[in-house]
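Residue numbers (the UniProt record's numbering): 1 to 460. Report on one structure; see the data block that follows.
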């Protein structure tokens, strides 16, 4: 049975992750806005739907098309752009989750699209498998993660969408369409990062690898030494990233490499340190910065001074993710890898010049090229630079100033993070942009999956 709630007395309620859930009150209740994780994006959907099957999903789309309704899909609400925002029908795929099948010999697994990354990691691990690379947040659904171009770090690894070798989606006509490496490859290369504009993914098949353990190591360095050793760090380590603390010359280096060691430093004490000490201590410092913005540079320097050597070993899917309890707004841009050092130095200079009230570190990661049409790493080896601002603090001037630097170096935005670009700028940055728009018109001729944000991006 299709779960559909009219947003009258049964309004969707916001959860900690931003995803809406059905409310079942004993009497009338006020309409409650849906909100994303950061609180930046809200909406008041008339309908909230949780399909249990691909057939229900197709029925919903066919009905919505006939009635001229708009449909958007939410995973965990972890995007910072209005990709989900709708006042019409909001679809949540939490009930369309779990393992469909697994082929140990080919190392392939087929899963429902609403499966959360943290759950997927354990499902694969039980079968001796793993995803070859992941990002540092694991609360997203697998479909949402690939659709926005989510990535990890490591110069040998493209984004998570590259791990997908086949998928099924319900297009704007309510038809179930299959595509993959050999089946309908044009649609496949468009649909893996599609912003939900080509259809609603119902299931997907992942090319996995045997489960592996990672040894994680963290240390402190100066920014200039880090940039001088950048090639060595990237080449000699499976996964490498670093964080630069504004108003200081310090960075935190993070290295991960495969190992045969047994898991170490992963008990209750470590979790207490990561979750309670680091998150709550940083929350208190962040709150102080919100109340007294002049503290930002001092807090950033303090955080830089507290970075210490750390290491641990665990299975890969358990070591990638970092607990994120301090909420923030985020912008992230992809730039050509060769431009990265100059971009970071320009950001440092601009931050010193403008004296932005920011204490969150700059997150710097790296990825391999791919051929996915709307992937920010399309046809280029890439660096990713992410900037953050504590929730409740002014972020616009900071993000806009740094965005100008990214754009000067042919930057492409992460689709799930804030950016200001529209059709005019985006068409020049993606060689297959026109091809994507043509496919979108074919598979969603009536614009069932379009909201105001996508119309702005696509110039419609």
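We put the CB at the ideal spot given by N, CA and C, even for glycine. Owing to the predicted nature of the structure, the values given are computational and were not obtained by experimental measurement.
Taking the beta carbon of residue i as the centre, do at least 16 other beta carbons fall within 10 Å, making it buried, or is it exposed?
| i | result |
| --- | --- |
| residue 334 | buried |
| residue 316 | buried |
| residue 404 | exposed |
| residue 325 | exposed |
| residue 162 | buried |
| residue 461 | Limits of the chain in this structure are 1 at one end and 460 at the other, which puts residue 461 out of reach. |
| residue 130 | buried |
| residue 294 | exposed |
| residue 36 | buried |
| residue 395 | buried |
| residue 225 | exposed |
| residue 330 | buried |
| residue 375 | buried |
| residue 1 | Because residue 1 carries a pLDDT of 34, less than 50, the predicted location of this residue cannot be relied on, and no value is offered for it. |
| residue 51 | buried |
| residue 100 | exposed |
| residue 340 | buried |
| residue 428 | exposed |
| residue 243 | buried |
| residue 292 | exposed |
| residue 281 | exposed |
| residue 440 | buried |
| residue 365 | buried |
In angstroms, rounded to a whole number, what distance separates the CA positions of residue i and residue j?
| i | j | result |
| --- | --- | --- |
| residue 422 | residue 412 | 12 Å |
| residue 49 | residue 74 | 10 Å |
| residue 157 | residue 67 | 43 Å |
| residue 448 | residue 202 | 16 Å |
| residue 351 | residue 298 | 14 Å |
| residue 38 | residue 287 | 15 Å |
| residue 168 | residue 360 | 39 Å |
| residue 124 | residue 367 | 23 Å |
| residue 336 | residue 385 | 11 Å |
| residue 444 | residue 436 | 12 Å |
| residue 371 | residue 56 | 32 Å |
| residue 80 | residue 104 | 37 Å |
| residue 94 | residue 114 | 5 Å |
| residue 22 | residue 265 | Residue placement at residue 22 is poorly supported in this model, since its pLDDT is 40, which falls under 50; the coordinates still yield a value, given next. For residue 22 and residue 265, the distance between alpha carbons rounds to 40 Å. |
| residue 321 | residue 239 | 13 Å |
| residue 310 | residue 300 | 20 Å |
| residue 137 | residue 76 | 11 Å |
| residue 25 | residue 46 | In this prediction, residue 25 has a pLDDT of 30, which is less than 50 and means its spatial position is unreliable; what the coordinates show is noted afterwards. Using only the alpha carbons, I get a separation of about 17 Å. |
| residue 43 | residue 420 | 20 Å |
| residue 319 | residue 119 | 14 Å |
| residue 348 | residue 221 | 16 Å |
| residue 464 | residue 108 | Here the chain has residues from 1 to 460 only, and residue 464 is not among them. |
| residue 176 | residue 193 | 18 Å |
| residue 249 | residue 59 | 57 Å |
| residue 111 | residue 186 | 22 Å |
| residue 29 | residue 369 | Confidence at residue 29 is low in this model, with a pLDDT of 27, below 50, so its placement is unreliable and no value can be given for it. |
| residue 426 | residue 418 | 14 Å |
| residue 279 | residue 438 | 45 Å |
| residue 343 | residue 126 | 42 Å |
| residue 216 | residue 256 | 5 Å |
| residue 87 | residue 345 | 42 Å |
| residue 54 | residue 64 | 15 Å |
| residue 261 | residue 237 | 17 Å |
Just checking my contact of residue i with residue j at CB under 8 Å: how many whole Å lie between their CB atoms?
| i | j | result |
| --- | --- | --- |
| residue 453 | residue 83 | 6 Å |
| residue 160 | residue 234 | That pair is no contact at about 19 Å. |
| residue 296 | residue 357 | 5 Å |
| residue 390 | residue 289 | 6 Å |
| residue 166 | residue 181 | 7 Å |
| residue 263 | residue 314 | 5 Å |
| residue 354 | residue 401 | 6 Å |
| residue 62 | residue 174 | 3 Å |
So that I know if they touch, is there some Cβ in chain E lying closer than 8 Å to that of residue i?
| i | result |
| --- | --- |
| residue 205 | Looking at the structure shown, chain E is missing, and only one protein chain is on hand. |
What are the residues that DSSP puts in a beta bridge with residue i?
| i | result |
| --- | --- |
| residue 109 | 102, 206 |
| residue 162 | Its beta-bridge partners do not exist; DSSP assigns none. |
| residue 310 | 218 |
| residue 167 | 179, 204 |
| residue 43 | 34 |
| residue 335 | 383 |
| residue 343 | DSSP lists no partner for residue 343. |
| residue 315 | 213 |
| residue 72 | 90 |
| residue 330 | 388 |
| residue 350 | Beta-bridge pairing links residue 350 to no other residue. |
| residue 116 | 141 |
Can residue i be considered in contact with the ligand MG, in the sense that its beta carbon sits closer than 7 Å to one or more heavy atoms?
| i | result |
| --- | --- |
| residue 56 | Judged by which ligands are present, the structure shown has none, so any question about the ligand MG falls away. |
Checklist line | Runs of alpha helix (DSSP H) wholly within the stretch 357 to 422 (minimum 4 residues, chain order) | finding: 396 to 408
Notebook entry, point to check: In chain order, which alpha helix (DSSP H) runs of at least 4 residues are fully inside the stretch 120 to 157?
Noted result: 142 to 147
Next item on the list: With a floor of 4 residues, list each alpha helix (DSSP H) that falls wholly inside the stretch 236 to 307, ordered by position along the chain.
Entry: 268 to 271, 281 to 291, 296 to 306
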